[in-house]
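Visitor: One structure follows; several queries about it will come next.
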Amino acid sequence: MARAWVIRAGRYGEREDWALEHGFSGGGWSELPDLTPYESREQIAELVARVHADNPKAHANYTGQLYALRSRVQPGDLLALPLKSGSGTIALGRVTGGYRYLGDDMPADRRHVVEVDWRVTDLPRTAVKQDLLYTLGSALTIFAPSRGAAEERLEALMQTGADPGQLAITSSSKATRAATNDDDVDDPETQTDLLEVARDRIMTRISEEFVGDGLEVLVAAILEAEGFVCRKSPIGADRGIDVIAGRGVLGMDSPRVVVQVKSGGQVSDAVVRDLSGVVHEQGADHGLLVAWGGLTRPAKDTVYKQQFRLRAWTAEEVVDAVLRTYDRLPDDIQSRLPLKRVWVLAD
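Each residue of the sequence shown is one higher than the last, beginning at 1 in UniProt numbering.
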């Protein structure tokens with residue numbers, strides 16, 4: 001059975017656009033030479049011990065990830081890339097070629113790769129159920145998600161855009177995992193990115209508590225916490241306007257913002273163009289499109305071309321806004337979305 005893998009593209013997503021544009025996944029490990037001659041796990045372990053002699057605690061972790069990249073990721077496997085840049089969506093594709101070293105002429109962080117046919121590049125995280133998001137939230141760079149039928153569910157997400165939830169794990173997939181178990185790489189939940197998991201849980205709670213018109217209420221509360229005076233449109237009579245926000249006692253001073261909130265699937269380019277027209281018609285300064293399920297590529301392009309007039313918030317930006325204003329949100333919002341600040345070590 002084909003495996004599913006996650007290979008991240010930089011701590012801050014700095015290689016994501018390059019990977020998606022050129023059909024690669026990988027990079028990083030700039031301190032290492034071409035891994036092609038290192039065919040076994042033992043050979044890679046010796047290389048890691050030599051290059052990272054000053055960090056023995058990381059040897060097993062690095063070895064497992066590099067061996068997976070060099071020898072375990074195979075053509076036909078599914079590749080998932082949770083994107084950290086932009087709207088924080090997920091890219092899914094099929095591995096078409098195993099490990100390649102692109103040569104010393106490439107930037108040092110773009111040499112160790114596998115080839116990928118990216119089938120989906122903008123899957124909203126809101127389409128993925130909480131338990132699978134938790135698995136994808138590992139702090140590892142390279143790992144094989146498998147708990148809760150992750151492989152089958154990622155396949156379904158790539159084909160249909162919907163997460164069917166936990167399925168019965170076949171005996172063959174269990175056997176594959178048992179035969180190839182490689183420490184943390186095959187059990188990524190042991191090294192979870194706490195920040196990413198926390199954000200995903202907040203996103204899930206918002207989608208549960210503020211469905212439909214409730215999302216408009218949350219967005220209006222955020223804008224009011226930022227100093228705007230807001231007025232919501234009556235249900236069913238918005239005419240492309242869900243919230244009107246402005247400064248001053250009456251909310252009529254600049255900047256005046258027309259807000260449209262979409263809590264369903266991806267928003268099309270037509271919706272963005274319509275909002276631009278409404279902004280002009282209303283004499284507003286700006287338009288804010290809240291697209292909880294993300295935007296299509298043409299819609300993103302249109303927003304970018306009008307970036308001083310229009311702004312789009314996906315689920316990621318809504319979470320950012322909630323965290324930024326949480327202490328100033330109304331009590332009823334906080335009671336439906338109870339959060340507390342926790343300090344943890346950064347390393």
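Ideal Cβ positions, reconstructed from N, Cα and C, are used throughout, including at glycine.
Keep in mind it's a predicted model, so treat the numbers as computed, not measured.
According to DSSP, is Val-243 part of a helix, a strand, or is it coil?
Guide: In the sequence shown, counting from the first residue as 1, residue 243 sits at position 243. DSSP places Val-243 in strand when its eight states are reduced to three.
Visitor: Mind checking whether Val-95 and Leu-66 have CB atoms under 8 Å apart?
Guide: Reading the sequence shown from its first residue, position 95 is the one you call residue 95. Reading the sequence shown from its first residue, position 66 is the one you call residue 66. Taking 8 Å as the Cβ cut-off, Val-95 and Leu-66 do not qualify as a contacting pair.
Visitor: By how many angstroms is the C-alpha of Pro-234 removed from the C-alpha of Ile-222?
Guide: The count along the sequence shown starts at 1 and reaches residue 222 at position 222. The count along the sequence shown starts at 1 and reaches residue 234 at position 234. If I take the Cα positions, the gap works out to 19 Å.
Visitor: Which of the three DSSP states, helix, strand or coil, is assigned to Glu-226?
Guide: Translated into the one-based positions of the sequence shown, residue 226 becomes position 226. Glu-226 falls in the coil class under three-state DSSP.
Visitor: With DSSP collapsed to three states, give me the class of Trp-118.
Guide: Sequence index remark: in the sequence shown, residue 118 carries index 118 (1-based). Reduced to three states, the DSSP call for Trp-118 is strand.
Visitor: Would you mind working out which of Arg-11, Ser-276 and Asp-184 sits nearest Asn-61, comparing C-alpha positions?
Guide: Position 61 of the sequence shown, counting from 1, holds the residue named residue 61. For the residues Arg-11, Ser-276 and Asp-184, the minimum Cα distance to Asn-61 belongs to Asp-184.
Visitor: Alpha carbon to alpha carbon, what distance is there between Thr-204 and Val-197?
Guide: Within the sequence shown, numbered from 1, the residue matching residue 197 stands at position 197. Within the sequence shown, numbered from 1, the residue matching residue 204 stands at position 204. Each residue's Cα considered, the two are about 11 Å apart.
Visitor: Could you tell me which of Ser-207, Leu-81, Val-120 and Thr-141 sits nearest to Asp-186, measuring between CA atoms?
Guide: Indexing the sequence shown from 1 puts residue 186 at position 186. Comparing Cα-Cα distances from Asp-186 to each of Ser-207, Leu-81, Val-120 and Thr-141, the minimum goes to Thr-141.
Visitor: Cα separation between Leu-69 and His-52?
Guide: One-based indexing of the sequence shown puts residue 69 at position 69. One-based indexing of the sequence shown puts residue 52 at position 52. Distance between the alpha carbons of Leu-69 and His-52: 18 Å.
Visitor: If you run the structure through DSSP and keep just helix, strand and coil, what is Gln-307?
Guide: As a working mapping, residue 307 is identified with position 307 in the sequence shown. Gln-307: coil per DSSP, three-state reduction.
Visitor: Per DSSP, His-112 is paired with what?
Guide: Position 112 of the sequence shown, counted from the first residue, corresponds to residue 112. Note: His-112 sits in a beta bridge opposite Tyr-101.
Visitor: Using the Cα positions of Gly-246 and Leu-218, report the straight-line distance between them to the nearest angstrom.
Guide: As a position in the sequence shown, residue 246 is number 246, starting the count at 1. As a position in the sequence shown, residue 218 is number 218, starting the count at 1. Straight-line Cα distance between these residues: approximately 17 Å.
Visitor: Do you know how far the Cα of Val-272 is from the Cα of Thr-302?
Guide: Numbered from its first residue, the sequence shown carries residue 302 at position 302. Numbered from its first residue, the sequence shown carries residue 272 at position 272. About 7 Å.
Visitor: Let's test the definition: count the other Cβ atoms within 10 Å of the Cβ of residue 388 and tell me whether it reaches 16, buried, or not, exposed.
Guide: Any property of residue 388 remains undetermined from this structure, which presents the chain solely from 1 to 347.
Visitor: Would you please state the rounded distance, in angstroms, between the beta carbons of Arg-336 and Glu-209? I believe it to be under 8 Å.
Guide: Here residue 336 is taken as the residue at index 336 of the sequence shown, counted from 1. Here residue 209 is taken as the residue at index 209 of the sequence shown, counted from 1. Contact flag correct, Cβ pair sits at about 5 Å.
Visitor: Gly-287 and Leu-295 - do their beta-carbons sit closer together than 8 Å?
Guide: In the sequence shown, counting from the first residue as 1, residue 295 sits at position 295. In the sequence shown, counting from the first residue as 1, residue 287 sits at position 287. Taking 8 Å as the Cβ cut-off, Leu-295 and Gly-287 do not qualify as a contacting pair.
Visitor: Among Val-128, Gly-240 and Asp-193, which one has its Cα closest to the Cα of Val-344?
Guide: Indexing the sequence shown from 1 puts residue 344 at position 344. Measuring from the Cα of Val-344, the nearest candidate turns out to be Asp-193.
Visitor: Is it buried or exposed, Met-252, if we count other Cβ atoms within 10 angstroms and call 16 or more buried?
Guide: On the sequence shown, position 252 is the one that residue 252 refers to. It is exposed - the Cβ of Met-252 has fewer than 16 other Cβ atoms within 10 Å.
Visitor: To the nearest angstrom, report how far apart Gly-283 and Pro-33 are at their CA atoms.
Guide: Position 283 of the sequence shown, counted from the first residue, corresponds to residue 283. Position 33 of the sequence shown, counted from the first residue, corresponds to residue 33. Rounded to the nearest angstrom, the two C-alpha atoms are 59 Å apart.
Visitor: Bridge partners of Arg-231, per DSSP?
Guide: Translated into positions along the sequence shown, residue 231 becomes position 231. Arg-231 pairs with Ile-244.
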